[in-house]
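FYI, the numbering used here numbers position 106 of the sequence shown as 106, with every residue one higher than the one before it.
Think of the CB as a built atom: it goes at the ideal place given N, C-alpha and C, for glycine as much as any other residue.
Fair warning: this is a prediction, and the values are worked out from it, not measured in the lab.
A quick write-up on the structure given underneath.
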Amino acid sequence: MGAVPSTPRKNALPQDPAEYLIGAFVGEKSYPLTSDFWDELLELPLSLQWPHHRVRQACEIFGQNNHHTRHLAKILIHLVWCLQESMSTSAGPSLIHMKAVNAAYLSSIFLKYVIENSKGNSFEEFYLSLDEGEAVPENFHGDQNTENFAMHGVLSFIGMSDVSSHTYLLHHELLNLMLVAMSTQLCYAPSLGPKDVHPFLDAVIIQETSLVSLVVRKLLLNYITCPNFPLNGGSYSIFSGGSQLGVLQKVGSAAANFVLLPFSYLASSNGEGSGSPLAEDSLLVLLILIHYRKCIMVDESLLDKSEDDATMDSLLKDSSYFSENPYCKALENARDIELDRIDIEGNAHRGPLVRLPFASLFDTLGMHLADESSVLLLYSLVHGNSDFLEYVLVRTDLDTLLMPILETLYNASRRTSNQIYMLLIVLLILSQDSSFNGSIHKLILPSVPWYQERLLHHTSLGSLMVIILIRTVKYNLSKMRDVYLHTNCLATLANMAPHVHRLSAYASQRLVSLFDMLSRKYTKLAELRNDKMLMNKAGSIDGSNISEDASTELHIYTDFLRIVLEILNAILSYALPRNPEVVYAILQRQEVFQPYKNHPRFNELLENIYTVIDFFNSRMDAQRMDGEWSVEKVLQIIIINCRSWRGEGMKMFNQLRFTYEQENHPEEFFIPYVWQLVLSRSGFIFNPSAVNLFPVDMLVEEEQEASTVEEALKDETGESSV
């Protein structure tokens, strides 16, 4: 195999021990667990400068020999022994720390190759069990499950050891190893059924609750504190002493050349993440853990084995269930460390609670919401953890979270559709609370520097939220044309409507323009449907399906128009005296409602709007004006008459209230989404042909979707080209 021997080269130079020992590790000879070889291998500062093809050759040789040597299982076992010993040592740097770093590092390289190149979904090719004749020390039983032993050791270190200048590298290597070990999800075709087996993930899921809680807490604390790699090499005197280049050299350059995984510990942040590789990997590992679902078969004997494969898969899905995910449960049960409710809540929940500084978590999320991983964490918290949601809702500085969310939605053309969906769902969940809807209108923003279309001075957070949601609808009309996105935007606006307070002039204008925008789309769809029906009747096309599609889309936009009318009704019915600018905007563009006065779906709602229009028109007509009407004069009359408004003649409708419900089988969305984030954020390069969780061109498509379409958003006058 060229330059990388399958056994140690006889002519290997004494000053080249790393070359010799790596050759022995991948070679044909099986070294027992108790051999001194393992200490020699793991005590080497890995500073080899191997090019990519040599790394590939080493992995190929390892893959050929591992079934006999069982070196993958053995290095994982040695890793755990090193971790156990390092947890009992003093806080300072030590040789055992370096051995653990190297063990995790090498395990990641070769485990990744084995996962990428195994056939089908068979994990027998991992050869994680030891030979029956293998002599093992007392601290490892021959019949012990290697993957369980390895994952328990890794999780124990992550959960129980603090991150310090001496342990940073080790923590990071272990997180990288976990990402690799859990990548069986990425590399094997998902069935999301009982046939799905992921040895390392399954081992992680069955750990005791107390350890799970420690791990979830530590991963979140890593995310909150954003620890960075200590740049003063003095802390690593044992690792890099004398003439040896040591671990810092391995990190700085050898990692780019020696391994397939481009670990970039010292790389600069792209501006969206935390700037801390350890924090980013902690978050990615946590997201994988909380979204994993282990499917369990109820009773396979009840199935009819004569069915075809497709029917059998369907029956398997119907006859199985997902076991409870302890990491998801730990995140849902996390409590604020500032609240002294341990005894009460400790009795209310099974197992130990995860105690977190909610204030720090809130602030960290606010700083990093440009990063999709943070958005997904925020979603997981506000959807699953009622205590954290309550904490968010009582904060008086809601702009800490909302401003980065709204800025990201403002830049929707440069974001992925999944990120936009997650942010809109977060806003929908928040808008379900009436106190939230009231609070956002009381918080006044001095300016909104990132909003380019016009200057927004002293605008309420609520007004800005209305403006951005409507802008997102416009973006969707011109680019994505996604019904789900429309629905979420309108649902959030509907929840906000009864609580609107002093909506700004610009937000009020945009609200009326929203109706005009959707009505234009509705009119075009109606004309298109009618044309196709005429052509179908004339026999010029076989358009039964086309007509059905057009009718379905027309029905959808009919619902959208009705929701907008209900939003306007809610403001006029419950909050008119506090919103003279909304009245002004309706009066200014009252002609847009005229075509729908007799529409059976809209007429009742429009009766209310015209009651308001007639009331204020009559008050305007009663005024004697010298000279022309000005905006200020009209608005002044509206403000005066808002005080005398009693709502006479208004028909009261039930308030619209939309709630978010997660769809059935959410794992079918979240698992691929999380792994897309891993590929884009962690720096791992997986062989595209080995990725089966989603099409390899999916990430490219997301980038194309996020291409600039700013021209579609430049027209902020309400005149849409759609």
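Check whether the Cβ atoms of I425 and T408 sit closer than 9 Å, and answer yes or no.
-> For the purposes of this step, residue 425 is taken as residue 425 along the sequence shown, with counting starting at 1. For the purposes of this step, residue 408 is taken as residue 408 along the sequence shown, with counting starting at 1. No, they are not a contact pair.
When the distance is taken between beta carbons, is L455 closer than 9 Å to S504?
-> Position 504 of the sequence shown holds residue 504. Position 455 of the sequence shown holds residue 455. No.
How many Å lie between Y223 and Y168 at the Cα?
-> Numbered from its first residue, the sequence shown carries residue 223 at position 223. Numbered from its first residue, the sequence shown carries residue 168 at position 168. Their backbone Cα atoms lie some 14 Å apart in a straight line.
DSSP state of T400 mapped onto helix, strand, coil = Here the question's residue 400 lines up with position 400 in the sequence shown. Reduced to three states, the DSSP call for T400 is helix.
Apart from the five residues just before and just after F593, which ones in its own chain have a Cβ nearer than 7 Å to its Cβ?
-> Counted from its first residue, the sequence shown places residue 593 at position 593. For F593, where only same-chain residues beyond five positions count, the Cβ hits under 7 Å are L606 and I609.
Output the boundary residues of the beta strand (DSSP E) element that contains I444.
-> In the sequence shown, the residue the question calls residue 444 occupies position 444. Its beta strand (DSSP E) spans residues I444 to S447.
For V612 and V583, believed in contact at Cβ under 8 Å, the rounded distance = Numbered from its first residue, the sequence shown carries residue 583 at position 583. Numbered from its first residue, the sequence shown carries residue 612 at position 612. Right, their Cβ atoms sit about 7 Å apart.
Please classify C187: does DSSP put it in a helix, a strand, or coil?
-> Numbered from its first residue, the sequence shown carries residue 187 at position 187. Residue state, collapsed to three classes: helix.
Excluding the five sequence neighbours on either side, which residues of its own chain have a C-beta within less than 8 Å of the C-beta of T146, listed in chain order?
-> Locating residue 146 in the sequence shown gives position 146, counting from the first residue. Closer than 8 Å at Cβ, skipping near neighbours: A73, L76, I77, L128, S129 and L130.
Confirm, please, whether the CB-CB distance from L287 to S373 is below 9 Å.
-> As a working mapping, residue 373 is identified with position 373 in the sequence shown. As a working mapping, residue 287 is identified with position 287 in the sequence shown. A contact, by the Cβ cut-off of 9 Å.
Cβ contact check for the stretch 445 to 464 and the stretch 472 to 487: 3 or more pairs under 8 Å | no
Please classify Q207: is it buried, with 16 or more other beta-carbons within 10 angstroms of its beta-carbon, or exposed?
-> Numbered from its first residue, the sequence shown carries residue 207 at position 207. Per the 10 Å Cβ criterion, buried.
Rounded Cβ spacing between S161 and M87 (contact assumed at less than 8 Å) = Position 161 of the sequence shown, counting from 1, holds the residue named residue 161. Position 87 of the sequence shown, counting from 1, holds the residue named residue 87. Indeed, because the Cβ distance is near 6 Å, the residues count as touching under 8 Å.
Between P199 and T34, is the Cβ-Cβ spacing less than 9 Å?
-> Locating residue 199 in the sequence shown gives position 199, counting from the first residue. Locating residue 34 in the sequence shown gives position 34, counting from the first residue. Result no, Cβ atoms of P199 and T34 do not sit closer than 9 Å.
Measure the alpha-carbon distance for Y327 versus R502 and round it to whole angstroms.
-> Here residue 327 refers to the residue found at position 327 when the sequence shown is read from its first residue. Here residue 502 refers to the residue found at position 502 when the sequence shown is read from its first residue. Roughly 44 Å separates the two Cα atoms.
Have a look at V382 and E332 and give me their C-alpha separation to the nearest angstrom.
-> Sequence index remark: in the sequence shown, residue 382 carries index 382 (1-based). Sequence index remark: in the sequence shown, residue 332 carries index 332 (1-based). Taking the straight line joining both Cα atoms gives about 9 Å.
Any chance you could list the beta strand (DSSP E) runs of at least 3 consecutive residues sitting entirely within the stretch 444 to 529, in chain order?
-> 444 to 447 and 457 to 460
Hey, quick one: how far does the alpha helix (DSSP H) through Y673 stretch, first residue to last?
-> By 1-based counting over the sequence shown, the position of residue 673 is 673. Y673 -> alpha helix (DSSP H) spans E667 to R681.
Check whether A279 and C226 have beta carbons under 9 Å apart = If you number the sequence shown from 1, residue 279 lands on position 279. If you number the sequence shown from 1, residue 226 lands on position 226. In contact: A279 and C226 (Cβ atoms closer than 9 Å).
Span of the alpha helix (DSSP H) holding L289?
-> As a working mapping, residue 289 is identified with position 289 in the sequence shown. Here the alpha helix (DSSP H) through L289 covers P277 to H291.
Answer yes or no: do L174 and I158 have a C-beta to C-beta separation smaller than 9 Å?
-> The sequence position of residue 174 within the sequence shown is 174, counting from 1. The sequence position of residue 158 within the sequence shown is 158, counting from 1. Contact: yes.
Top-ranked residue by Cα proximity to T89, from N603, H166 and L365 | Here the question's residue 89 lines up with position 89 in the sequence shown. Considering only alpha carbons, the answer is H166.
Near T364, which residues of its chain fall below 6 Å by C-beta distance, leaving aside the five closest residues on each side in sequence?
-> Numbered from 1 along the sequence shown, position 364 holds the residue referred to as residue 364. Counting only Cβ-Cβ distances below 6 Å, and skipping sequence neighbours, we find I224.
Determine the DSSP secondary structure at C226, reduced to helix, strand or coil.
-> For this step, residue 226 is matched to residue 226 along the sequence shown. Here C226 sits in coil by DSSP.
Taking three-plus beta-carbon pairs below 8 Å as touching, is the stretch 484 to 499 in contact with the stretch 567 to 579?
-> yes
Are three or more beta carbon pairs between the stretch 632 to 649 and the stretch 614 to 621 nearer than 8 Å?
-> yes
Thinking just about the alpha-carbon of each residue, which of I638, L493, G153 and S630 is nearest to the one in L79?
-> The residue labelled residue 79 in the question sits at position 79 within the sequence shown. The residue with the shortest Cα to Cα distance from L79 is G153.
Three or more C-beta pairs below 8 Å linking the stretch 522 to 536 and the stretch 482 to 494 = no
So A412 packs on S463, CB below 8 Å; how close in whole Å?
-> In the sequence shown, counting from the first residue as 1, residue 412 sits at position 412. In the sequence shown, counting from the first residue as 1, residue 463 sits at position 463. Actually they are not in contact, since the Cβ atoms of A412 and S463 sit about 19 Å apart, beyond 8 Å.
What is the rounded straight-line gap between the Cα of S323 and the Cα of H291?
-> Working through the sequence shown from its first residue, we reach residue 323 at position 323. Working through the sequence shown from its first residue, we reach residue 291 at position 291. About 12 Å.
What are the boundary residues of the alpha helix (DSSP H) that Q419 is part of?
-> For this step, residue 419 is matched to residue 419 along the sequence shown. That run of the alpha helix (DSSP H) goes S417 to S431.
Whole angstroms is fine: what's the gap from W50's alpha carbon to S447's?
-> As a working note, residue 50 is residue 50 in the sequence shown. As a working note, residue 447 is residue 447 in the sequence shown. Each residue's alpha carbon lies about 54 Å from the other.
Grouping DSSP H, G and I as helix and E and B as strand, with all else coil, what is R578?
-> Taking the sequence shown and counting its residues from 1, one reaches residue 578 at position 578. If DSSP states are grouped into helix, strand and coil, R578 belongs with the helices.
L525 versus R510: straight-line alpha-carbon distance, rounded = As a first step, residue 525 must be located in the sequence shown, where it is residue number 525. As a first step, residue 510 must be located in the sequence shown, where it is residue number 510. Each residue's Cα considered, the two are about 22 Å apart.
Out of curiosity, what's the CA-to-CA distance linking G63 and K329?
-> By one-based count along the sequence shown, residue 63 stands at place 63. By one-based count along the sequence shown, residue 329 stands at place 329. Rounded to the nearest angstrom, the two C-alpha atoms are 38 Å apart.
By the 10 Å Cβ neighbour count, where 16 or more other Cβ atoms means buried, how is V204 classified, buried or exposed?
-> One-based indexing of the sequence shown puts residue 204 at position 204. Classification of V204: buried, given that the 10 Å Cβ count is 16 or more.
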